[in-house]
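Quick note, the sequences are listed as chains A and B, same order. Using the working numbering, count along the first sequence one by one with no gaps and you end on 416. Using the working numbering, count along the second sequence one by one with no gaps and you end on 416.
Number of protein chains: 2
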Amino acid sequence: MSCRSKKTKTDPKNRKYDPPDSLSSVGLTTPRRLRIADASHPFLLESGARLEEVEVEYETYGELSEAKDNAILICHALSGDAHVAGWDATAAGHPERKWRLTHPGWWDAVIGPGKPIDTDRFFVVCANVLGSCYGTTGPSSLNPATGKPYGLTFPMVTVGDWVVMEKTLLEKLGIDHLYAIIGGSLGGQQTLEWALRYPRMMGKCIIMASGPRLSAQGLGFNAVARNAIMRDVHFAGGDYFGKRQGPSNGLAVARMLAHITYLSGKGMDFKFGRRRLDAGDPQKGFEAEFSVESYLNHQSKSFVERFDADSYLYITRAMDYYDAAGAWGDGDLRKACQRLHAELMVVSFSSDWLYPPAEAREFVNAILAENKPVTYVEIKTESGHDAFLVDTIPVGRLLRAYLLAPGINRRSGAIQ
Amino acid sequence: MSCRSKKTKTDPKNRKYDPPDSLSSVGLTTPRRLRIADASHPFLLESGARLEEVEVEYETYGELSEAKDNAILICHALSGDAHVAGWDATAAGHPERKWRLTHPGWWDAVIGPGKPIDTDRFFVVCANVLGSCYGTTGPSSLNPATGKPYGLTFPMVTVGDWVVMEKTLLEKLGIDHLYAIIGGSLGGQQTLEWALRYPRMMGKCIIMASGPRLSAQGLGFNAVARNAIMRDVHFAGGDYFGKRQGPSNGLAVARMLAHITYLSGKGMDFKFGRRRLDAGDPQKGFEAEFSVESYLNHQSKSFVERFDADSYLYITRAMDYYDAAGAWGDGDLRKACQRLHAELMVVSFSSDWLYPPAEAREFVNAILAENKPVTYVEIKTESGHDAFLVDTIPVGRLLRAYLLAPGINRRSGAIQ
């Protein structure tokens with residue numbers, strides 16, 4: 001318990017992760033890849049474009065039961081990947097994944113043996129999304145038609161495309177029904193899209209720090225981020241691969257900005273306030289002088305080493321475009337909710353201003369108005385949008401309780 | 001009246017300004033310049049640096065009374081200038097001020113004959129701050145020692161420096177006491193600094209959408225903005241003057257970001273929502289497609305034509321550094337407030353998240369705790385931080401009422 005309580009402190013700087021040999025870790029993991037499309041079976045995108053080669057990188061933890069009724073799909077957020085838990089055994093061989101040598105998967109605190117998403121009970125799957133840069137085909141992949149990276153010739157991808165991709169992967173793994181799907185932020189939009197697109201394919205859906213569409217403010221922040229990248233002189237129309245320099249400055253600015261939107265104002269005051277790096281030498285100019293500046297610099301530096309700028313464009317655009325009401329209800333969210341069949345839990349965080357509780361409540365009211373089963377939880381926290389990642393004590397408790405509660409749908413009840 | 005009510009609509013796009021010959025406009029104005037420092041009387045900055053040439057650009061409206069007791073100082077915000085009201089008669093001759101041909105001063109709605117800050121009663125002064133790019137000496141000015149623009153060799157400036165500069169200007173205009181000082185945002189910090197530095201030099205201070213210091217979140221946003229500018233390959237260490245291209249892309253990104261922070265989330269949903277520019281052709285890629293993207297692009301485009309990137313660095317840094325408690329109370333805001341003598345009105349706007357009402361209330365409580373005269377008003381609005389500029393009906397009513405109310409300090413009562 002002492003180990004777990006250490007792990008779940010809300011300040012990321014203080015978080016202590018399980019060492020690889022910890023009893024509650026899934027231990028060493030190996031990312032896998034599966035080709036889900038080829039020239040004879042191309043992947044058809046919502047835009048109408050086709051991809052003749054699609055490889056998906058994914059990880060799994062735990063064992064699929066004989067009845068194949070214990071699979072949980074985790075959907076990752078904007079900058080996430082398939083490496084959700086444990087320690088990547090292959091990280092040393094990939095310079096762009098070197099951060100994994102010192103960090104476990106991004107939701108390691110809640111996934112593992114005996115943890116809230118208990119890998120002794122569940123078979124957990126997570127796939128990297130199409131358009132990303134962590135193993136699944138994306139703009140930095142080689143275009144088989146040219147032998148060069150796609151860059152901006154990569155077709156636009158959507159949250160719907162990701163769900164279709166995940167379904168294709170799951171079918172290849174022999175899974176035709178999911179015990180649950182869980183996702184936060186953009187992963188929450190994916191979770192919702194699953195519930196709307198394939199309503200009878202899962203028992204429970206847990207949507208955290210997310211909603212049926214992004215606000216105008218969110219659209220604006222994404223636009224600023226993309227502008228920072230595309231206005232970088234080294235962006236080169238997205239074709240910067242193999243060049244001496246890519247749009248790392250633009251990507252750094254995009255990431256700094258994004259980080260502010262992931263935290264709450266009060267949370268930032270608490271964490272950084274107006275503290276200076278060097279109390280004895282104030283007002284030295286334009287270099288980082290306040291702690292918060294140093295934090296943002298540091299975050300952006302590690303990000304540009306691990307993320308691809310083109311992928312950032314594609315994934316933020318998919319986030320912009322996602323509109324559950326538009327896609328499934330002719331613009332009417334209630335009408336879209338008529339499609340729902342799974343039990344839903346919607347979790348919002350009081351200080352999340354990217355997907356604010358008020359918008360989550362509107363969404364829940366639309367679900368309730370259609371008499372669909374939904375649980376709504378608002379967690380009080382100053383951790384902002386990031387709470388689903390960092391407030392792992394309350395999040396873990398909720399996940400554990402909701403996953404094990406008796407289900408109302410056939411094939412989705414608690415494991416006996 | 002119909003003319004005035006048109007002018008005060010909250011949507012800037014719908015605002016109709018007075019034509020130059022309108023009865024309630026101050027009419028054509030001429031920016032003036034005054035040298036307030038030279039080699040024998042250098043301007044000493046808080047940093048310890050000296051400027052041997054300081055010119056201040058300022059405007060005045062109305063007439064100074066014989067008793068010199070009707071002067072009101074307006075303090076402008078980050079991207080503001082001395083041109084607060086009326087129509088700049090000299091704009092046609094200055095390409096970088098061409099926007100003034102189609103726009104009156106930035107607070108024209110509240111300043112003029114019969115308007116809330118009534119130029120039939122008051123003598124209104126506004127000076128462009130040191131470090132800016134609208135006529136007052138700044139990084140784009142020629143350094144007399146080199147004959148070239150200062151760039152980043154310009155010394156750091158502070159809100160305190162601006163106040164000293166304004167005091168020097170006022171003395172040269174023969175004014176040793178102000179009826180009132182009024183400012184919003186960074187101009188509100190200037191107003192507060194006036195009240196703390198020269199407590200007996202004014203009757204009333206009106207501080208809007210501002211506070212005694214910037215939050216960690218605000219520091220973060222300014223850091224992102226400066227990073228966007230300084231990471232632009234054309235920034236050239238701040239010495240881009242006379243070159244084919246300056247850091248206009250970085251400055252554009254900075255401005256787009258700033259604009260989001262000036263609006264409220266709800267206000268953006270109301271104004272833009274998820275509307276698209278072209279409903280028939282969605283998902284076309286990474287160019288502006290949503291209305292909000294187009295708005296931000298447009299705002300940034302006009303800004304880079306009129307503002308200097310180095311000035312943006314200096315002024316945001318002054319905003320970062322400002323800390324009334326640190327400067328006047330050894331870190332204790334109550335102690336700083338002991339210095340106050342003027343009557344204060346603090347005005348916050350319910351949806352302003354850059355200087356939130358909660359922080360304004362803390363400030364007001366510190367003033368009250370020291371038994372200093374203060375009026376606090378929170379205006380309910382969805383206009384966000386920009387409300388002090390765009391919600392001119394309630395703001396104008398407040399200004400009119402507060403300025404004309406009997407004053408408690410000698411020399412500062414209502415004009416008989």
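Cβ atoms here follow ideal geometry from the backbone N, Cα and C, with glycine treated the same way.
Burial state of residue 433/B, where buried means 16 or more other Cβ atoms lie within 10 Å
Residue 433/B lies beyond the residue range present for chain B, which begins at 1 and ends at 416; the question has no answer from this structure.
For the alpha helix (DSSP H) containing residue 271/B, list its first residue and its last residue.
265-271
Under a three-way DSSP split, which group does residue 39/B fall into?
coil
Less than 8 Å separating the beta-carbons of residue 341/A and residue 261/A?
no
Report the residues of the stretch 316-334 of chain A with a CB closer than 8 Å to any CB of chain B, ordered along the chain.
317, 320, 321, 323
What are the partner residues of residue 148/B, as DSSP defines its beta bridges?
143/B
Between which two residues does the beta strand (DSSP E) carrying residue 374/A extend?
374-379
For residue 399/A, count neighbouring C-beta atoms within 10 Å of its own C-beta (all shown protein chains included) and say buried if the count is 16 or more, exposed if not.
buried
Any C-beta of chain B within less than 7 Å: which residues of the stretch 206-238 of chain A qualify?
213, 215, 216, 217, 219, 220, 221, 223, 224, 226, 227, 228, 230, 231, 233
Where are the beta strand (DSSP E) runs, 3 residues long or more, that stay fully inside the stretch 46-116 of chain A, in chain order?
54-61, 71-75
Boundaries (first-last residue) of the beta strand (DSSP E) holding residue 288/A:
No beta strand (DSSP E) contains residue 288/A, which DSSP labels as neither H nor E.
Can you name the residues of chain A whose CB is closer than 7 Å to the CB of residue 257/B?
224, 257
Would a check of beta-carbon distances place residue 163/B closer than 8 Å to chain A?
no
Quick check on residue 205/A: does DSSP put it in helix, strand or coil?
strand
Of all the options 402/A, 152/A, 363/A, which has the alpha carbon lying nearest to the alpha carbon of residue 285/B?
152/A
Is the stretch 160-176 of chain B in contact with the stretch 343-351 of chain B, if contact means three or more CB pairs nearer than 8 Å?
no
Following a CB-centred definition, is residue 176/B positioned closer than 7 Å to any heavy atom of the ligand SAM?
The ligand SAM is absent from the structure shown, which contains no ligands of any kind.
Look at the alpha carbon of residue 41/B and the alpha carbon of residue 335/B, and state the distance between them as a whole number of angstroms.
34 Å
Among 133/A, 120/A, 367/A, which one has its Cα closest to the Cα of residue 315/A?
133/A
Cβ-based burial, residue 425/B [other Cβ within 10 Å; buried from 16]:
Summary: the structure shown does not reach residue 425/B, with chain B confined to residues 1 through 416, and so no result is reported for it.
Start-end ranges of the alpha helix (DSSP H) lying completely within the stretch 118-202 of chain A, minimum 4 residues:
159-172, 186-197
Cβ neighbours of residue 425/B in the same chain (closer than 6 Å, five flanking residues each side left out):
Given a span of 1 to 416 for chain B in the structure shown, any question on residue 425/B remains unanswerable.
For residue 105/B and residue 243/B, I'd like the C-alpha separation in whole angstroms.
30 Å
Contact criterion: CB-CB distance below 8 Å. Does residue 296/B meet it with respect to chain A?
yes
From the DSSP output, which residues share a beta bridge with residue 319/A?
Answer by DSSP bridge pairing: none, since residue 319/A is not bridged.
Once DSSP output is grouped into helix, strand and coil, what is the label at residue 276/B?
strand
Select from the stretch 337-352 of chain A all residues with a C-beta closer than 9 Å to any C-beta belonging to chain B, and list them in chain order.
none
Taking the straight line between their C-alpha atoms, what separation do you get for residue 212/A and residue 225/A?
21 Å
Specify the secondary structure class of residue 220/A as computed by DSSP and reduced to three states.
helix
Between the stretch 287-298 of chain B and the stretch 109-123 of chain B, are three or more C-beta pairs nearer than 8 Å?
no
Would residue 92/A and residue 78/A be called neighbours here (beta carbons separated by less than 8 Å)?
no
Using the three-state DSSP reduction, which class does residue 414/A fall into: helix, strand or coil?
Low confidence applies to residue 414/A: its pLDDT is 38, below 50, so where it sits in the model is not reliable, and the reading given next is rough at best. The answer is coil: DSSP assigns residue 414/A none of H, G, I, E or B.
If you count every other CB in all the chains shown that lies within 10 Å of the CB of residue 403/B, and 16 or more means buried, which is it?
buried
Rounded C-alpha distance that separates residue 219/A from residue 290/B:
8 Å
Could you spell out where the alpha helix (DSSP H) holding residue 359/B opens and where it closes?
357-369
Beta-carbon separation (whole angstroms), residue 155/B vs residue 47/B, contact threshold 8 Å
6 Å
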